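Engineer: Let me begin by handing over the structure; questions about it come next.
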Amino acid sequence: TTTTKQYAALVVFVVIIVSALLIFKVKKDIEIQEHIQILSQKWIEKEQAVKDKISSLSSRILEIREQAEAKYRGRTLTTENKLVMQEYTPSDSHAIVTMFGSTSYVHPYWMGALAMIQSLREVETRVPHIVVMVRNAELVPEIAFRAFEEIGAELIYIERLKIDELNVKIPGTWEGAFDKLNVWSLIDYEKVLFLDADTLIVQNI
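Residue 385 in the numbering used here sits at position 25 of the sequence shown, and the numbers go up by one each step.
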């Protein structure tokens with residue numbers, strides 16, 4: 361009948377439209393995926409190019425630094441009217457000194473001192489003595505003393521300086537900084553270099 365034919369034609373028309381829309385969507389999805397892949401590839405190429413430039417620049421910096429430091433390696437600066445480069449001669453009367461000791465288990469400064477001394481070893485310091493002034497020794501764990509012994513550090517136990525007589529209010533934990541003055545009691549050495557326990561050495565000093 362005419363109605364049946366019209367209905368069939370309508371169904372065919374709808375199927376064609378839906379199919380066309382699906383094909384269009386699939387093509388669009390493919391185009392989007394291809395575009396994303398192109399952008400991703402370009403990004404990867406740019407990222408690799410930047411990495412290559414950074415690597416090349418880092419190598420060049422290391423090369424220049426090596427050339428600059430080569431003729432001064434093993435020397436130190438001294439002041440005699442002006443700064444001059446002199447060859448350092450190790451002496452048994454020379455020492456590098458640090459200090460640790462705290463009533464706080466939250467901030468175990470002995471670990472920092474240990475790391476600092478290890479960094480001195482790694483840059484092959486020629487100073488014969490590495491001395492550690494230890495305060496509040498009773499609060500330091502036994503493992504710390506063993507670690508310093510294994511790394512070759514010399515431990516000296518010091519007393520806290522009594523600064524109450526100064527009648528000066530010192531804020532925070534700065535009161536403990538005065539304990540560094542104990543370095544002047546190390547009369548067995550002619551020259552000492554004091555380094556804070558949170559120092560990290562990156563080249564020979």
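Backbone N, C-alpha and C fix where the C-beta goes; we use that ideal spot for every residue, glycine too.
Owing to the predicted nature of the structure, the values given are computational and were not obtained by experimental measurement.
#1: Tell me whether the region 445-459 and the region 543-556 touch, counting them as touching only if at least three CB pairs, one residue from each stretch, are closer than 8 Å.
#2: Could you say which of Trp470, Ala475, Leu474 and Ser479 lies nearest to Glu498 if we only look at CA atoms?
#3: From Glu509, Val371, Ala537 and Glu447, pick the residue whose C-alpha is nearest to that of Lys522; which is it?
#4: In the structure shown, what three-state DSSP assignment does Leu370 receive?
#5: Just curious, the alpha helix (DSSP H) that Phe554 is in, first and last residue?
#6: Could you check where the alpha helix (DSSP H) with Phe505 kicks off and where it finishes?
#7: Across which residues does DSSP place Phe460 in a beta bridge pair?
#8: Which residues in the same chain as Lys540 place their Cβ atom closer than 7 Å to its Cβ, once the five residues preceding and following it in sequence are excluded?
#9: Just to confirm, is the Cβ distance from Ala507 to Ile477 under 7 Å?
#10: Could you spell out the range, first to last residue, of the beta strand (DSSP E) harbouring Ile477?
#11: What's the gap between the Cα of Lys406 and the Cα of Gln397?
#12: Would Val492 pass as a contact of Ala473 if the rule is Cβ separation under 7 Å?
#13: Assuming Ile561 contacts Val483 (C-beta within less than 8 Å), just tell me the rounded distance between them.
#14: Could you check whether Ile518 and Asn542 sit closer than 7 Å to each other, using their CB atoms as the reference points?
Structural biologist: Let me lay it out:
#1: yes
#2: Trp470
#3: Ala537
#4: helix
#5: Premise fails: Phe554 lies in the beta strand (DSSP E), Lys551 to Phe554, not in any alpha helix (DSSP H).
#6: Glu502 to Ile511
#7: Val494
#8: Met459 and Phe554
#9: no
#10: Segment Tyr469 to Glu482 is the alpha helix (DSSP H) holding Ile477; no beta strand (DSSP E) there.
#11: 14 Å
#12: yes
#13: 5 Å
#14: yes
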